[in-house]
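Numbering (the numbering used here), first residue to last: 2 to 463.
Here it is as structure tokens:
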């Protein structure tokens, strides 16, 4: 039977959809995307920011090569010289190629670059054979790793992505794969490359290859799709899959991964930029220090001079004990609440009391922030931002009296007026409470209700 011929039908924005406004990217809605299926995630946490039919089963086409290249990097020797087999080049000659010939030798590193930058299908086969000995065993490894990553609706049938009914995934699963891949330094370097030279081989002169498949990366006057924050990753296309693109971008510490499946040729670039701008409008990366400065600690000192302009209130500045690069990724809506909760999610320890005098720059304590995402910690000193003078003969506060008494090792501590007052306050309060209760009891007791009222006598009463 002849294989069914499928013609790609370029998707369009549904009629009646409100026109997308690039000035307000945060208002993006699913129908403003060309893609049938799309997703945007925050790369470090995997949190889903935007989705459209994210669990629909789709064909990934050449975005498959993301996992192929990642496994090649993880299990291969970058300097190994590979000989291209007859089986590796058995692919549709009209499909995307590096190109390589059977019997040609190439360094494994160059094979990876050629496979990604030129989307070479024979290159993907050669990677599979180099890692696992044959394509079938490598595909088994792909499916095993996909499950480990957390993919639940994915099955690979080949390492290149040419159509097979049993070769499928979802944008949600592909975003997980891409996020893991982008954590690898070598992978990131390859997918962000726009030009690469493959040295001459035993069969051919050197090849100067350019990344002609990721328009977001290429900065040129005639490329209207260039996106300055883009740093990868991979395109794909066949008639059943439509145009596909897995994108990655970073701005001010916020890292995003997008996936669009079955979109149009230009729609993959429009869709990706819309998604990225939506994410950057919603998310922010902030350091613990900047988060603290939104809502700094304000303490109340005691024994301060009555001429103090802020009546003893003291702001504590945060000073790093050592350099750190910890970033907190969150939505702009959650930022204010996170700043208020910082003291509850961090360890705050004071090393002295709050009694004046206090000198500007004096360390009052420490704050340690621990990232719930990475487990990394950052420690800071809590430093007085101004000087507070002492009031002469200022009485001690109750908490200070208590602290001094507890700290005194003498079983018969020194008797002071303040200590006497501290001892007298509880019994006085108790006496007042008992007296009030007794009066209330007396007022509402049955005896008081049965008391006879006095008789008034006089010329007005009879």
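Here a beta-carbon is modelled for each residue, glycine too, at the ideal position from N, C-alpha and C.
All values reported here derive from a predicted model rather than from experimental measurement.
Straight-line measurement puts the Cα of residue 364 at about 9 Å from the Cα of residue 317. At the C-beta level, residue 210 and residue 227 stay beyond 7 Å of one another.
Residue 434 and residue 303 have their alpha carbons spaced roughly 30 Å apart. DSSP places residue 200 in the coil class of the three-state scheme, outside both helix and strand. The segment 60-78 makes contact with the segment 143-153; the number of CB pairs closer than 8 Å reaches 3 or more.
As the crow flies, the alpha-carbon of residue 56 is around 42 Å from that of residue 380. Distance from the Cα of residue 247 is smallest, within the candidate group 319, 292, 241 and 218, for 218. In the structure shown, the three-state DSSP call for residue 209 is strand. Judged by DSSP in its simplified three-state form, residue 367 adopts strand.
In terms of Cα proximity to residue 354, the closest of 332, 371 and 300 is 300. If you ignore the 5 residues before and after residue 306, its C-beta comes within less than 8 Å of the C-beta of 357, 389, 390, 391 and 392, all in its own chain and listed in chain order. When DSSP states are grouped into helix, strand and coil, residue 118 belongs to the helix group. Of all C-beta pairs linking the segment 168-177 to the segment 150-158, three or more are shorter than 8 Å, placing the two stretches in contact. Membership of residue 291 in the alpha helix (DSSP H) is indicated by the continuous run 289-294. Annotated as distal: residue 286 and residue 243, with beta-carbon spacing of 7 Å or more. Residue 43 has 257 as its beta-bridge partners, per DSSP. When secondary structure is reduced to three states using DSSP, residue 357 falls in the coil class, being assigned neither helix nor strand. Within the segment 299-346, the runs of alpha helix (DSSP H) at least 4 residues long that lie entirely inside it are, in chain order, 333-346. Here residue 352 has 366 as same chain residues with Cβ atoms under 6 Å from its own Cβ, once five neighbours each way along the sequence are excluded.
Residue 191 and residue 345 have their alpha carbons spaced roughly 42 Å apart. Taken through DSSP and simplified to helix, strand or coil, residue 271 comes out as helix. Across the set 343, 249 and 257, the C-alpha of 257 shows the shortest separation from the C-alpha of residue 42. With distances taken between CA atoms, residue 45 lies nearest to 330 out of 189, 63, 330 and 339.
Residue environment: residue 58 is assigned as exposed (fewer than 16 neighbouring CB atoms within 10 Å of its CB, all protein chains considered).
A Cβ-Cβ distance of about 6 Å is found for the pair residue 60 and residue 169, placing them in contact under the 8 Å criterion. Taking 3 residues as the shortest admissible run, the segment 51-108 contains the following complete beta strand (DSSP E) segments, listed from N- to C-terminal end: 82-84 and 106-108.
Between the C-alpha atoms of residue 75 and residue 131 there is a straight-line separation of about 12 Å. Taking a C-beta distance under 7 Å as the contact criterion, residue 11 and residue 262 do not qualify as a contact pair. Beta bridge pairing from DSSP links residue 385 with 317.
One thing to note: residue 120 has its Cβ within 7 Å of the Cβ of residue 214.
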